[in-house]
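Chemist: Dumping the structure here so I can ask a few things about it.
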Amino acid sequence: MIRDLDRTLIDRDAIASRVRELGRRIAGDLERSLAAEGASPDEAGRIAIISVMTGALIFTADLVREMPLKLSLELVTVSSYPGASTMSKGAAMRSVLPKDLKGKHVLIVDDILDSGQTLDLVKRLVAEQAPASVRICVLLRKLVPRVVEIAADYVGFDIPNEFVVGYGLDYDNYYRNHPEIAVLRAPAGGGA
Ligand code: IMP
Ligand code: MG
């Protein structure tokens, strides 16, 4: 284990099996939404996945490979924890959203639901384009009060209020490559 990491919270096998379950469930729900409109699962231009960079990179890569549907994959960059910080500082868009979401079933994918500000921002911007539906999927949901009221439709794991890294999640842009969800050792000298 990388020396800065304290302990594993969720190991590789647990992540892999949960991601597989989520992918299948989401794909089934999307397929049903299309069927309700008389559309087939391989109709072009109906499903857009919006992955929130950079934290959701690895999760999204695994998740979409469990979804046997015709979908497009879009990336947005939102910054909320700039640099060496473990406290949310609000969310800001650092890239533009795709402009063609009207009438599509949109799935927003993020690594973690914490204060809720990131997903609230992205969801509001997506909703402005009149998509057919907007769903939110997060790998992790922190059991903390949200700063803004926002619910995820699909959650991999609920976790306690600890700062975690790995499987895409970072501290100061490090540890994203660690294959498990791990708790970071408290930085020497206290505050981050
Ligand atoms: P929110 O806007 O406060 O909900 O924060 C969401 C974003 O903050 C996530 O997309 C993560 O990038 C980041 N974040 C929140 N908690 C953690 C954590 O424990 N470890 C790493 N990143 C986190
Ligand atoms: Mg993030």
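This note's numbering numbers the first residue of the sequence shown as 2 and each following residue consecutively. Don't be surprised by glycine CBs; every beta carbon is placed ideally from N, CA and C. For clarity, every value in this text was computed on a predicted model and none was experimentally measured.
Leaving out the 5 sequence neighbours to the left and right, which residues in its chain are closer than 8 Å to Ile151 when beta-carbon positions are compared?
Modeler: Excluding sequence neighbours, Ile151 sits near Leu114, Gly117, Leu120, Asp121, Lys124 and Ile137.
Chemist: Just the Cα atoms here: how many angstroms apart are Leu23 and Ile109?
Modeler: Each residue's Cα considered, the two are about 13 Å apart.
Chemist: Kindly identify the DSSP beta-bridge partner or partners of Val77.
Modeler: DSSP lists Val53 as partners of Val77.
Chemist: For Val65, tell me which candidate among Met54, Thr78, Ile50 and Val77 has the shortest Cα-Cα distance.
Modeler: Measuring from the Cα of Val65, the nearest candidate turns out to be Ile50.
Chemist: Would you mind working out which of Glu129, Gly169, Glu38 and Gln130 sits nearest Leu141, comparing C-alpha positions?
Modeler: Nearest C-alpha to Leu141: Gly169.
Chemist: Write down every uninterrupted run of the beta strand (DSSP E) in the region 63–136 whose length is 3 residues or greater and which is fully enclosed by it, in chain order.
Modeler: Entirely contained in the region 63–136, the beta strand (DSSP E) runs reaching 3 residues are, in chain order, 73–80 and 106–114.
Chemist: Buried or exposed: where does Ser81 fall if 16 or more other Cβ atoms within 10 Å of its Cβ makes it buried?
Modeler: With 16 or more Cβ atoms within 10 Å of its Cβ, Ser81 is classed as buried.
Chemist: Evaluate the contact criterion for the region 19–34 versus the region 98–109: three or more CB pairs, one atom per stretch, below 8 Å.
Modeler: With a cut-off of 8 Å, the region 98–109 and the region 19–34 count as touching, because enough Cβ pairs lie within range.
Chemist: Please classify Tyr175: is it buried, with 16 or more other beta-carbons within 10 angstroms of its beta-carbon, or exposed?
Modeler: It is exposed - the Cβ of Tyr175 has fewer than 16 other Cβ atoms within 10 Å.
Chemist: When the Cβ atoms of the region 85–103 are set against those of the region 6–17, are three or more pairs found closer than 8 Å?
Modeler: Contact fails: fewer than three Cβ-Cβ distances are below 8 Å.
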